[in-house]
Amino acid sequence: MSDSAPPLRGACQAGGVGRDESDVFGCAWSRSRTDRADAQGTPPSATEILRAAGAPLPLPPSRGRSAAASSPVSRVRFYSLTSDKEGSALRAVQFTRGETVLGAEVRDGVGPPLVLLPGVMADAATWRPVVEHIALPNPVLVLDRRGRGASGPLGPGYSVRTEVDDLRHVLGNLGDLGLPGVGTHLFGWSYGGLIALEAAVGRADLRSLTLYEPVARPFAPEALEPLREAVGRNDLDRAVELVNTVVSGFSDGYVAELRRSPVWNVLRSLAEPLADELGAIDGHRPAFDAYAELDVPVTLLLGADNEGRPPYGTAFARFERALPRARVVRIEGEGHLAHASAPRLLAEHITDAVTAH
């Protein structure tokens, strides 16, 4: 992109964040299209930006409920949490696997639970606008993967297998939250889609599996070493620059304007685990041969704008070939970031995938 592209605008308003299909990681600010009717929209306040972008959620033990329903296996802890919109109360919980805390946000309900797993540069808070619009009575749990939110660090030896084992631990301990442990609906986006799919292999207790543009190697390999160097010297500003330029293709001018926005510090925190996450994707060989044997109905969601285009459309095609029985749904007018650009629309597709099974 050139420096003459339209200026940034605040986009983290009630419906989520601004849309640009080339923005890989769903930053809370994005370049407006020249044909957007709302291109001159009023920027939100700093508080709105931070909330919509997924600012880290403090969970002090003095707030909310105690761990009355904890178990010696997962040691689930409960806290009170209320969303910005009336009638959408959430609760924050923490699982413990070994020495690692795994945080999550839960919207209570009845019936089999729906578990959502975000990808990189996102956390549970980033997905609140989607959860708000999921028109299901079912409980909804959004997991904060390692390195974000209330969860612990990635830890030594981090890999896709680490994430898969974390997810399997959570799925195996949903009963500690008073949720049914069988018949779970599982959803994963991007890196979360790869993790969810790998975790589903060999399981017979899932009711449905929905994957929104899962990714696999190779994934932005040219950005990996520069990101490792930047994060290694704790230069998170440089890491955010690399995400937006080398990976996402934005201009230096765009990044300079982004740096002046209140959301920059949020992006810095989300970028901290990015190099290791991309390295994990690059070092993992998906079990493509095993996917066709999955004993669970699968829905594949593709942003129609990405069809046939790298990196997401080309990666999607590989998963589509490996899952010949999957139902394939194209989200018209969207790319990789429907959770940010069209949370209501994405929620409708998730709702449809769940109600179909």
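So the mapping is simple: the working numbering equals the position in the sequence shown, first residue as 1, plus 75. C-beta atoms are modelled at their ideal positions from N, C-alpha and C, and glycine is treated no differently. Because the structure is a prediction, the values reported are computed rather than measured.
- When secondary structure is reduced to three states using DSSP, G378 falls in the strand class.
- Relative to G354, the option among G186, S234, R223 whose CA is nearest is S234.
- In its chain, beyond the 5 residues on either side, L261, A275, V371, V373 have a beta carbon closer than 6 Å to the beta carbon of L284.
- The straight-line gap separating the alpha-carbon atoms of R278 and L218 is approximately 19 Å.
- Using a 10 angstroms sphere on the CB of V403, the tally of other CB atoms stays under 16, which defines it as exposed.
- In the DSSP assignment, W264 is bridged to Y287.
- Scanning its chain for C-beta atoms nearer than 6 Å, with the 5 sequence neighbours on each side dropped, one finds around P361 the residues A291, in chain order.
- Counting only residues of its own chain and dropping the five nearest sequence neighbours on each side, L311 has a CB closer than 7 Å to the CB of R343, A346, E347.
- Inter-residue distance for Y266 and P231 is about 19 Å (C-alpha atoms, whole angstroms).
- Remark: fewer than three beta-carbon pairs, one from each stretch, lie closer than 8 Å, so the stretch 391-399 and the stretch 299-306 are not flagged as touching.
- With fewer than 16 other beta carbons inside 10 angstroms of its own, D327 counts as exposed.
- Residue environment: G227 is assigned as buried (16 or more neighbouring CB atoms within 10 Å of its CB, all protein chains considered).
- In this structure, the alpha-carbon of S416 lies about 8 Å from that of E409.
- Closest in alpha carbon position to T175, among P204, A397, G222, E288, is G222.
- Apart from the 5 residues on each side of it in sequence, E382 sits with its Cβ closer than 6 Å to the Cβ of G388 in its chain, given in chain order.
- Shown here, E180 sits in a strand according to DSSP, grouped into three states.
- Judged by beta-carbon spacing, H432 lies beyond the 8 Å limit of V205, meaning their Cβ atoms are not closer than that value.
- The C-beta separation of A314 from A305 comes to about 4 Å, placing the pair in contact by the 8 Å criterion.
- Under the DSSP assignment, A295 falls outside any alpha helix (DSSP H); it carries neither an H nor an E label.
- In this chain, V315 is not harboured by any beta strand (DSSP E); it is covered by the alpha helix (DSSP H) spanning 311-317.
- Taken atom to atom, the span from the alpha-carbon of V257 to that of E352 is near 29 Å.
- Taking all protein chains in view, the Cβ of A167 is crowded by 16 or more other Cβ atoms within 10 Å, so the residue is classified as buried.
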